[in-house]
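*Asks:* My numbering puts the first residue of the sequence shown at 86, with every later residue one more than the last. From the three backbone atoms N, C-alpha and C, an ideal C-beta is built for every residue, glycine too. Here it is, the structure, as structure tokens.
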Amino acid sequence: MMLIEPGEYAVVFSGLDILVPLRKAGEDFEAVLFSETEPFSRLAWLFPDDDPAADAAGEALSAALIETLSAHGTSRIPTARFQHGPFRYVSLSLDDAVAEQLPQILHFERFPVRQMLSLVSQEAARFMLKAQAHAHWAEVSRYCGACGSPLFAGHEHGDPGGKYCPACKRFFFPKISPAVIVLIHKGDSILLAHNRKFTAGRFGLIAGFVELGETLEETVHREVMEEAGIEIKNLRYVKSQPWPFPDSLMLAFEADYKSGTARPDGLEIDQLGWFTRQTLPEIPPKGSVARSLIERYLQAASAGKP
Ligand SMILES: [Zn+2]
86 MMLIEPGEYA VVFSGLDILV PLRKAGEDFE AVLFSETEPF SRLAWLFPDD
136 DPAADAAGEA LSAALIETLS AHGTSRIPTA RFQHGPFRYV SLSLDDAVAE
186 QLPQILHFER FPVRQMLSLV SQEAARFMLK AQAHAHWAEV SRYCGACGSP
236 LFAGHEHGDP GGKYCPACKR FFFPKISPAV IVLIHKGDSI LLAHNRKFTA
286 GRFGLIAGFV ELGETLEETV HREVMEEAGI EIKNLRYVKS QPWPFPDSLM
336 LAFEADYKSG TARPDGLEID QLGWFTRQTL PEIPPKGSVA RSLIERYLQA
386 ASAGKP
């Protein structure tokens, strides 16, 4: 059995961490991640479909990975396959015990996917975001929600990425949870909030999940009222970004302050306030949609039109 087919790209996730080859000091992160040289000195590999030498290397690596993992007792089942532009990847279903040991077995280290986004190219980041989302979905979608039978990758129409129940003939596809995030302007300042889950001192934007039956606009108004206690106006859509932690699509907005006194809800948000370019606290890392919204504000502010 081929674990990794030539032309595919294997990614090993463990929760919200990615398993990354141990790096030497000063080594470029993306170069290590996308390296095609040393077996097991890396997390992942990529082989162009039209390169026979790379295909052969892929087969050798695949065989070696199977041998290594089976020696440690893993069930080594490819959970799912997916295609994204030039990339194809396989997410691996590993026994929990093996997943725990894998960093030692393969000389990998755990690395938070979120942190990786600021260290690799946009193309690589997009690929990893999709792989992360798909790997998570495949991991938590092992059985049919209707009849309880085990699911199998793919389905009879051959579409990649989905799962199929042979008992009741249902098809399943990755689920996406839409969420909104909003940057609120008040004069030349913006509202920033500290979520209890953030590290101390870091501030982000008001955000929340879309509920059943809501429009995106209703979600933004509700979340802002719930979390910050204020009303907003002039709501405008800015952009969207996949955010697979674990399965969100972030829909980013801007709005203007209308009324009320901003206060934290004390549940999700424990501090918030209005900040200007000069008083900005620590903000979310590059690669996040919150960061890009705040950077838009900073650019406009430095151009003299907040
Ligand atoms: Zn079923």
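Expressed to the nearest angstrom, what Euclidean distance is found between the alpha-carbon atoms of residue 322 and residue 340?
*Replies:* 9 Å
*Asks:* With 16 as the cutoff for other CB atoms within 10 Å, does residue 196 come out buried or exposed?
*Replies:* Under this definition residue 196 is a buried residue.
*Asks:* Rounded to the nearest angstrom, what separates residue 306 and residue 278 at their Cα positions?
*Replies:* 16 Å
*Asks:* Excluding the 5 residues flanking residue 123 on each side, which residues of the same chain have their C-beta closer than 6 Å to its C-beta?
*Replies:* Per-residue confidence for residue 123 stands at a pLDDT of 37, beneath the threshold of 50, marking its modelled position as unreliable; no derived number is given.
*Asks:* Classify residue 237: buried if its beta carbon has 16 or more other beta carbons within 10 angstroms, exposed otherwise.
*Replies:* exposed
*Asks:* Inspect the CB distances between the segment 309 to 318 and the segment 341 to 348 and report whether three or more fall short of 8 Å.
*Replies:* Counting C-beta pairs with one atom in each stretch, the segment 309 to 318 and the segment 341 to 348 have three or more that are closer than 8 Å, which means they touch.
*Asks:* Let me know the secondary structure DSSP gives residue 267 once reduced to three states.
*Replies:* strand
*Asks:* Closer than 7 Å to a non-hydrogen atom of ligand 1 - does that hold for the CB of residue 234?
*Replies:* Checking the Cβ of residue 234 against ligand 1 gives yes.
*Asks:* Kindly indicate the opening and closing residues of the beta strand (DSSP E) around residue 343.
*Replies:* 333 to 344
*Asks:* Of the choices 334, 374, 304, whose alpha-carbon is the least far from that of residue 215?
*Replies:* 334
*Asks:* Kindly indicate which three-state DSSP category residue 135 falls into: helix, strand or coil?
*Replies:* Because the pLDDT at residue 135 is just 38, under 50, the model does not fix this residue reliably, and the value given afterwards should be weighed accordingly. Note: residue 135 maps to coil in three-state DSSP.
*Asks:* Kindly list the residues whose CB is nearer than 6 Å to the CB of residue 208, restricted to its own chain and excluding five residues on each side of it in sequence; keep chain order.
*Replies:* none
*Asks:* Thinking C-alpha only, which one of 232, 276, 229 is nearest residue 359?
*Replies:* 276
*Asks:* Run through DSSP, which three-state label would residue 282 get?
*Replies:* coil
*Asks:* By DSSP, does residue 372 sit in helix, in strand, or in coil?
*Replies:* Coil, per DSSP.
*Asks:* Using 8 Å as the threshold, is the C-beta distance between residue 290 and residue 267 below it?
*Replies:* yes
*Asks:* Can you find the residues in the same chain that come closer than 8 Å, C-beta to C-beta, to residue 350, ignoring five residues on each side of it along the sequence?
*Replies:* 311, 312, 313, 314
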